[in-house]
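Novice:
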């Protein structure tokens, strides 16, 4: 099963809207497959997580994997529009110290 992500090009930046629901062990492989071409093509990626209600360790691992791949080519990733439970998970595992997390898509675009 393919995971549908929406990719909007904003100049040199890819803004990716993740699908609604959960990012967990059940769909993380599909997310990686869908994101690989985006990470290969762009050096800056914004993940809009507004419809994402839950992320488990597999999902966090995928985000870190994208972060590493982009960093290898001097790129970066930003997360935006996190729901409170997802924001709490990011802070609990201190991902906010590794990846910039912004409140809105506009803030994420301006931060680049």
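Residue numbers (this note's numbering): 1 to 112.
Note that beta-carbon positions come from the ideal geometry of N, C-alpha and C, so glycine has one too.
These numbers were taken from a predicted model, which means no experiment stands behind them.
1. Identify every run of the alpha helix (DSSP H) within the region 2–75, keeping only runs that are complete inside it and at least 4 residues long; order them along the chain.
2. Throw me the rounded Cβ distance for the residue 53 and residue 26 pair, which I believe falls under 8 Å.
3. Do residue 46 and residue 97 come within 9 Å of each other at the CB atom, strictly closer than that value?
4. Helix, strand or coil: how does DSSP classify residue 77 here?
5. With a threshold of 9 Å between beta carbons, is residue 48 in contact with chain D?
Specialist: Well, looking at it:
1. Taking 4 residues as the shortest admissible run, the region 2–75 contains the following complete alpha helix (DSSP H) segments, listed from N- to C-terminal end: 28–41, 57–72.
2. No, residue 53 and residue 26 are not in contact; Cβ-Cβ is about 14 Å, not under 8 Å.
3. Judged by their CB atoms, residue 97 and residue 46 are not nearer to each other than the 9 Å cut-off.
4. Per DSSP, reduced to three states, the secondary structure at residue 77 is strand.
5. Among the chains of the structure shown, chain D does not appear; only one protein chain is present.
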